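K.L.:
I'd like to ask some things about the structure below.
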Amino acid sequence: MVADRRPTDRNQNSFFHHSGVTVAAAGDIAEATETVDIDTPFPNVEDSIERIRAAFGNVHELSASSYDTAWVAMVPSLETPNKPYFPQCLDWIIEHQHKDGSWGPNPSHPSLVKDNLSCTLACLLALRKWDVGENLVQRGLDFIGSNLWAATDKDQFSPIGFDITFPSMINNAKKFDLVLPLGTAMYLNKDLEIQRNLAYIAEGFGESCDWNEVLAQQRIPTLYPSTIYARLYMIDTLEKLGVGRYFNQEIERVLDEIYRCWQEKDEEIFKDITCLALAFRLLRIKGYEVTSDDFEAYSDQENFFNTVSLQFTGVTTVLELFHTSQFKLYKNEDILDQIHAWTSMFLKQQLINNSIPDQRLHEQVKFTLKNFHGTLNRLGHRRNIDLYDVNKIQVLKTSYRCPSIDNEDILVLTHHDFNMHHAVHQKELLDLERWYKDNRLDCLKFGRRVMQTAYFLIASLLSGRELSEARIAYAQCIILVTLIDDFFDDYGSKEELLNIVEMVKKWEPTASYSCEEVEILITALFNTVNEMAENGAIKQGRCIKHVLLKQWLDLIEGFMREWEWWNEKITPTMDEYLSFTHTTIGCKVSILTAIHFLGPKFSEDMITSAECTSLCWNVSLICRLLNDIQTYKKESAENSPNIVSMQPEEKSKGQKT
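Note that the UniProt record's numbering has the sequence shown beginning at 1, numbered continuously upward.
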């Protein structure tokens, strides 16, 4: 049957408290004793949704930067050179010194002392340049004197270009009699980084800056994410947290705009590697036609780090490139394979060396590498809720926040949504347990008990409240398929199995059964499928019973054929084996049943179309292969057909031929 995908972190409590909001753990659908009433509105959630929706138009709003404000404040007036051109910036500096004498967005953050040093020194230069705020200057000098240790501390978050800009600011400080003792290490590091980061950190060069070369590069130094990147980042955040569907219209509108920019080769996308990778991933996920050819320059690690600007050499950008490599659609996309090879090795090395000081980013990298082939949606959402930080700090030339994306509104909505679905899932699981007992399936003395696993699988993929019937139908199919499969494999006699096949063909109840187990299985199957057919007819506006019956008959006949092979010790060819075992894995009957309850109406021709048939074949084949890999040892011991055990035989036949 379907591979057993157990939830991660099962050792956690069913509920935990996060930023004042209780959140249910994903793996405890059946076991939690505390939950949120399905119909109870979460405090202020509608207001939060509206504020998030409004933020799509102002998504690039960022926290104030002491560092950049200081540099702007130092620009002299064209008419009066002894006065600032932007006096309001100087006023802002005067008004925003922290109690400890520092400037910066995060005065108490233990890992951002280096950033605070940079911000503080820049502000001191601005104050001394215009000879104002002497008391502020003295307090700032005291802060720097007490915290100079952080300047060479490798465990500190380091602003991009710090080893260039900070020594240069020290040189400028000497001109203003702001003497700051520091060793020569900073100056050595400065020389190593200058060549390839000219435009990005031009303020760090002072008199040594060749402005003609800066102009020749035809680009403007970038500090903060572009509008396009900020919008992509917001969409990605909402989707990763499982609440993107609340903003489908906004997301579709933004992605349509960004796709037009992609087609026009907009520099805001293609000059920013992180933005390019994120745009590619989101556009490809949503079905837009985008090519991976634009990543050719980044397919080699050495070339990547030797050519890109310093701002793109961090873990965040490499992680985004790694995500990009997960979305290979075409065989000829070798570029994505090459990117995957070096980014995975780079990220693994960062984990081994413990080189990611941001603990949340460290955990994100660890989780992503472990689950390269993907994870169930709701498990991913649950993990991302753990990692979501309303006070998230990002560091480029200085630290900054993006409050329109990392905020309490998204946190409130995320927790409301997850807990609401958790309550829905608990109710549905109780309904499923009732169905199980009403059909006497709990009286069977054989077979795997897969009710919770079956429901967990589909609940982790289909999460909307409106998809309740689809989840229940899928889980019921998986349970029945598993029990009938086990009866054919391990329990039933040939007469009993043939009796089941005949009854499914006729689809008529009988007055007598060969045994109680057959009666329970057939009665449960008849009752369940008949009820599904009635409900499906209401949903679709047409009779679907014959479609469902055909799927079940194909499945049962496949089970019978497998039984005959096993008992008659027939070894099929690989083609013979795959010709029907893609059906007996149970995916087709489960999917083509549940699909009638997803909402949209569709014709029978769509179900029987070549496209749908091909999709079902490929999905079922993948599940069959995954299943056979897991059950290979067991089935080899039983001398049962298995795709893995057929491999040497197929090769041997080919060599003889």
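We put the CB at the ideal spot given by N, CA and C, even for glycine. Being a predicted model, the structure only gives us computed values, none of them experimental.
Considering residue 385, what are the terminal residues of the alpha helix (DSSP H) in which it resides?
P.N.:
Start and end: 377 to 387.
K.L.:
Taking residue 560 as part of the alpha helix (DSSP H), name the residues at either end of that continuous run.
P.N.:
First-last of the alpha helix (DSSP H) with residue 560: 545 to 567.
K.L.:
In whole angstroms, give me the CA-to-CA distance for residue 428 and residue 454.
P.N.:
Answer to the nearest angstrom: the Cα atoms are 12 Å apart.
K.L.:
In this structure, how does DSSP classify residue 76 when only helix, strand and coil are distinguished?
P.N.:
Looking at residue 76 - three-state DSSP - the assignment turns out to be strand.
K.L.:
If you pair each beta-carbon of the segment 317 to 325 with each one of the segment 338 to 349, do three or more pairs fall below 8 Å?
P.N.:
These segments touch.
K.L.:
Give the DSSP-derived three-state secondary structure of residue 156 in the structure shown.
P.N.:
DSSP places residue 156 in coil when its eight states are reduced to three.
K.L.:
Excluding sequence positions up to five away, which residues of its chain have a Cβ less than 6 Å from the Cβ of residue 243?
P.N.:
Around residue 243: 413, 414 and 417.
K.L.:
Whose C-beta lies closer than 7 Å to the C-beta of residue 189 among residues of the same chain, with five residues either side of it excluded?
P.N.:
In this predicted model, residue 189 has a pLDDT of only 47, less than 50, meaning its place in the structure is not dependable; the value taken from the coordinates is given anyway. These residues qualify, in order along the chain: 163.
K.L.:
Which whole-angstrom value is the C-beta distance of residue 484 and residue 521, which I expect to be below 8 Å?
P.N.:
Yes, they are in contact, since the Cβ atoms of residue 484 and residue 521 sit about 6 Å apart, within 8 Å.
K.L.:
In terms of DSSP beta bridges, what is residue 84 paired with?
P.N.:
Answer by DSSP bridge pairing, in chain order: 76.
K.L.:
Would you check if the distance between the CB atom of residue 118 and the CB atom of residue 357 is smaller than 8 Å?
P.N.:
It is not a contact, given that the beta carbons lie outside the stated cut-off.
K.L.:
Say whether the segment 455 to 471 touches the segment 494 to 503, bearing in mind that this needs 3 or more beta-carbon pairs closer than 8 Å, one atom from each stretch.
P.N.:
Cβ pair count under 8 Å is below three, so no.
K.L.:
Residue ranges of each beta strand (DSSP E) run of no fewer than 3 residues wholly in the segment 569 to 655, ordered along the chain?
P.N.:
You should have found no qualifying run.
K.L.:
Output needed for residue 192: all residues of its chain with C-beta closer than 8 Å, excluding positions within five of it in sequence on either side, in chain order.
P.N.:
Here the model assigns residue 192 a pLDDT of 41, short of 50, so the residue's position is not dependable, and the following value carries that caveat. Once the five neighbours on either side are set aside, the close Cβ partners of residue 192 are 163.
K.L.:
Give me the Cα-Cα distance between residue 551 and residue 606, rounded to the nearest whole angstrom.
P.N.:
Those two C-alpha atoms are separated by around 15 Å.
K.L.:
Mind the definition here: the segment 595 to 604 touches the segment 534 to 552 only if three or more C-beta pairs lie below 8 Å; say whether that holds.
P.N.:
At 8 Å Cβ cutoff, the stretches touch.
K.L.:
Return the chain-ordered list of same chain residues with a C-beta closer than 8 Å to the C-beta of residue 523, the five sequence neighbours on each side being excluded.
P.N.:
Within the same chain, residue 523 has close Cβ partners 439, 440 and 509.
K.L.:
On the CB-based measure, 16 or more other CB atoms within 10 Å of its CB, does residue 298 come out buried or exposed?
P.N.:
Label assigned to residue 298: buried.
K.L.:
Can you tell me the Cα-Cα spacing of residue 492 and residue 582, whole angstroms?
P.N.:
Distance between the alpha carbons of residue 492 and residue 582 is about 22 Å.
K.L.:
What is the residue span of the alpha helix (DSSP H) that residue 422 lies within?
P.N.:
That run of the alpha helix (DSSP H) goes 408 to 438.
K.L.:
Can you grab the Cα-Cα spacing for the pair residue 536 / residue 376, in whole Å?
P.N.:
For residue 536 and residue 376, the distance between alpha carbons rounds to 27 Å.
K.L.:
If you draw a straight line from the C-alpha of residue 652 to the C-alpha of residue 626, how long is it?
P.N.:
Here the model assigns residue 652 a pLDDT of 43, short of 50, so the residue's position is not dependable, and the following value carries that caveat. C-alpha separation (whole angstroms): 23 Å.
K.L.:
How many angstroms separate the CA atom of residue 74 from the CA atom of residue 393?
P.N.:
Rounded to whole angstroms, residue 74 to residue 393 spans 26 Å at the Cα level.
K.L.:
Is residue 335 closer than 8 Å to residue 302 when the C-beta atoms are compared?
P.N.:
No. Outside cutoff.
K.L.:
Who are the near neighbours of residue 176 in its chain, counting only those whose CB is closer than 6 Å to its CB and skipping five residues on each side?
P.N.:
128.
K.L.:
Drop a sphere of 10 angstroms on the beta-carbon of residue 249, count the other beta-carbons inside from all chains shown, and report buried for 16 or more, exposed for fewer.
P.N.:
Residue 249 is exposed by the Cβ-count criterion.
K.L.:
If you draw a straight line from the alpha carbon of residue 638 to that of residue 554, how long is it in whole angstroms?
P.N.:
Going from the Cα of residue 638 to the Cα of residue 554 covers about 25 Å.
K.L.:
Going straight from the alpha carbon of residue 134 to that of residue 79, what length do you get?
P.N.:
Their Cα atoms are separated by approximately 26 Å.
K.L.:
Taking Cβ positions, are residue 347 and residue 369 nearer each other than 8 Å?
P.N.:
Closer than 8 Å, so yes.
K.L.:
Could you give the residue range of the alpha helix (DSSP H) that holds residue 474?
P.N.:
Taken as a continuous stretch (DSSP letters only), the alpha helix (DSSP H) holding residue 474 covers 468 to 486.
K.L.:
Return the CA-CA distance between residue 629 and residue 65, expressed in angstroms with no decimal places.
P.N.:
Cα to Cα, residue 629 sits roughly 55 Å from residue 65.
K.L.:
Determine the extent of the alpha helix (DSSP H) in which residue 323 is found, giving its start and end residues.
P.N.:
Note, residue 323: alpha helix (DSSP H), 315 to 324.
K.L.:
Report the residue from 122, 76, 141 and 89 whose alpha carbon sits nearest the alpha carbon of residue 100.
P.N.:
Nearest option by C-alpha distance: 141.
K.L.:
With DSSP collapsed to three states, give me the class of residue 100.
P.N.:
Coil, per DSSP.
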